[in-house]
Every structure is written in structure tokens, then in C-alpha cells.
Amino acid sequence: MIANLEYPELDIVFYMAQLDSLADRVRALLGLPGTGTPDQLPTNMDVSTVIVAMNTVLFGQEHFHGNTEDYYNSSNSFLNDVLERHTGIPIALSLLYMEVGRRVGVWFDGIGLPFHFVVGCRFQQNRIYIDPFESGRVLSEQECRRRVRQMIGKKDKIQAQWFEPVSRKYLLTRMLNNLKHIYLHREDYARALRFCDCILVLAPRSPQERRDRGIIYLQLKRYGQALRDLVAYLQLAPQAEDHDEIQRQVKIIRQIMAMMN
2 MIANLEYPEL DIVFYMAQLD SLADRVRALL GLPGTGTPDQ LPTNMDVSTV
52 IVAMNTVLFG QEHFHGNTED YYNSSNSFLN DVLERHTGIP IALSLLYMEV
102 GRRVGVWFDG IGLPFHFVVG CRFQQNRIYI DPFESGRVLS EQECRRRVRQ
152 MIGKKDKIQA QWFEPVSRKY LLTRMLNNLK HIYLHREDYA RALRFCDCIL
202 VLAPRSPQER RDRGIIYLQL KRYGQALRDL VAYLQLAPQA EDHDEIQRQV
252 KIIRQIMAMM N
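According to this note's numbering, the residues represented by the sequence shown are 2 to 262, in order.
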């Protein structure tokens, strides 16, 4: 769990049991045995029935909801905090929905829309979308496209891949990136570094992440590491728009290091 980075002593088994319990309640509503038994759904049960049961438990009974009042609170991104506080941002609530769904017997896909995150699945030859941030609202592909158009405006072209399932690696990277930016905004550079390091494990040749980590190191006055990452960024992205600015930062760092010797 990403939460281990923030809570090193986290009892993962305890929170996994909470997910199991939520799934058991959904399966009970569906008249199915608990998650300790094989989690295959009966062939005559369609996914729409499961969605209704999941929405009943998660949003009707447990009142999980999107946190619109304190959206950039880091607790909204950690699954353990979401389970405790019953609120979170779209991607964290989507992860909750996916994990409960998997235990019930339905594999929901993560869908990485621009500026938003939902889950999706196949139903009667079509893909439908569920928005856990809005209490499990079900959207058709057309409705989802209209939403995206509202978010991106009229100028940008809608990309078909936005509506397709994303990998677990993509989901994890997006969650880590959210947390990195939250801590950068707070100027909590030590925490931001922790999440930037994790992103670079997943994407070791990402120019942007090398740049971001270099800037974080600079803020932490770790000049040697900052120099290494920023030079690597210039090599990886020689045509970058901020090339001259980063080159200037590299020059300043070298001057600082020369004065320290």
C-alpha cells in the first residue's frame, strides 16, 4: 500500500480485513457466500446487479463520499485513511471500489480521465463507467465523453485512450504523483522526495521526474544530488522548454558547491 510510505507501522492486514468485510456485505446482499469462498459470480448475475449492491453498501450504508471541502488533504489519497474517514479523492475512491469489486467477483478497470478518475467495466457489449466520487453514479460512454469535454474545453481533441482501462502501474504512478504535488504545494520537500523516489522506481528514465527530484534536492540543500538529477534531465530532454532555466540552476549549484569546497 502507498500508505506504508506515510505510515511505516501500518497494519495492512487490518485494512485488508475491512475490504473483505465490505465485500462480504455486498455478497450477502446478492445472496452469495462470503469472500472466504471462491469469488466467481453465478452466470445468471449481471454486473449491473453487482453495481447496485456495491453502491448500496459503500455509499448508501457506509456513506463513502468525495471530499469536495478539503480536496487536497493528503489523507484523501491513502486507502487506510479513506477507510477510516469514509472520504477521499476520485482515484482513491476508485481504488476502493476496484478492491471491493474484485473481492465480490467483478474486476472493475481504472479509467484515467483528464482531471478525474473513474472505474469502468463491460456490460452487454458496451463499456459503462462508475464514478465513486459521486456516490457510484453510472455513466454511459457518451455521458463520460460529455463530461470530459466540459473539463478540457472545446479546443482540445478528445483522445480515445482516455476511456480505456489503465494499468496498475499507471494508477499507482498517478496516486504517487498526486501526493508529490500535494507535498510540494505545502513545501514539505522531505515528504515530496519520498514519493518522487517511488515514481522513479516505476519510471526510472522519466525526464520530468528527474527534474522534479533535482529541484526537490535543491530545496533540501542536497546540492550534489540536485546537480546529478538536473544534469540527467538536460541529457534526457535536450529540447525541453525549460532547458535554459534548468541550465541556469545547474550553473548556480556548481557555484554553490565550489564555494563550499
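All residues carry an ideal CB built from backbone N, CA and C; glycine is no exception.
Contacting residues, own chain, Cβ-Cβ under 6 Å from residue i (five flanking each side not counted)
{"i": "Phe65", "result": "Leu59, His87"}
{"i": "Ala193", "result": "Lys181, Tyr184, Leu185, Ile217"}
{"i": "Cys199", "result": "Leu177"}
Own chain, CB closer than 7 Å to residue i, minus 5 neighbours either side, in chain order
{"i": "Thr10", "result": "Note that residue 10 corresponds to Glu in the displayed sequence, not to Thr. If we look at Glu10 and ignore the five residues flanking it on each side, it has no Cβ neighbours."}
Three-state secondary structure (DSSP) of residue i
{"i": "Ile129", "result": "strand"}
{"i": "Val48", "result": "helix"}
{"i": "Phe79", "result": "coil"}
{"i": "Leu31", "result": "coil"}
{"i": "Leu42", "result": "coil"}
{"i": "Pro9", "result": "coil"}
{"i": "Leu263", "result": "Residue 263 cannot be examined here, being either before or after the span of the chain that is shown, 2 to 262."}
{"i": "Asn56", "result": "helix"}
Residue i - partner residues in DSSP beta bridges
{"i": "Ile153", "result": "In DSSP, Ile153 forms no bridge with anything."}
{"i": "Ile112", "result": "Val119, Pro166"}
{"i": "His66", "result": "Thr88"}
{"i": "Arg138", "result": "Asp132"}
{"i": "Phe124", "result": "Asn127"}
Given residue i as reference, the closest of the options once Cα atoms are compared
{"i": "Leu20", "options": "Val105, Ser78, Asp47", "result": "Val105"}
{"i": "Leu219", "options": "Gln236, Pro239, Ala241, Arg249", "result": "Arg249"}
{"i": "Ile3", "options": "Leu237, Asn262, Cys197, Ala241", "result": "Cys197"}
{"i": "Val48", "options": "Gly121, Asn5, His117, Arg212", "result": "Gly121"}
Neighbourhood of residue i by C-beta, 8 Å cutoff - its chain only, sequence neighbours within 5 removed
{"i": "Tyr8", "result": "Phe79, Asn81"}
{"i": "Ala93", "result": "Asn77, Ser78, Phe79, Leu80, Val83, Met176"}
{"i": "Tyr224", "result": "Tyr218, Ile254, Ile257, Met258, Met261"}
{"i": "Tyr72", "result": "Ile90"}
Minimum Cβ-Cβ distance from residue i to chain C less than 7 Å
{"i": "Val48", "result": "Protein chain content of the structure displayed is limited to a single chain, and chain C is not contained in it."}
For this session: Could you tell me whether the stretch 136-153 touches the stretch 171-191, using the rule of 3 or more Cβ pairs below 8 Å?
Result: Judged by Cβ distances under 8 Å, the stretch 136-153 makes no contact with the stretch 171-191, as fewer than three pairs qualify.
Exercise. At a cut of 8 Å, does the stretch 108-123 reach the stretch 140-149 through at least three beta carbon pairs?
Worked result: Two segments are said to touch when three or more pairs of C-beta atoms, one from each, lie closer than 8 Å; by this definition the stretch 108-123 touches the stretch 140-149.
For this session: Give a yes or no on contact between the stretch 81-101 and the stretch 204-216, applying the rule of three or more CB pairs nearer than 8 Å.
Result: For the pair of segments examined, the stretch 81-101 was found not to touch the stretch 204-216: the number of CB pairs separated by less than 8 Å stays below three.
Exercise. Any chance the stretch 72-88 sits against the stretch 120-132, with 3 or more Cβ pairs inside 8 Å?
Worked result: No: fewer than three Cβ pairs fall under 8 Å.
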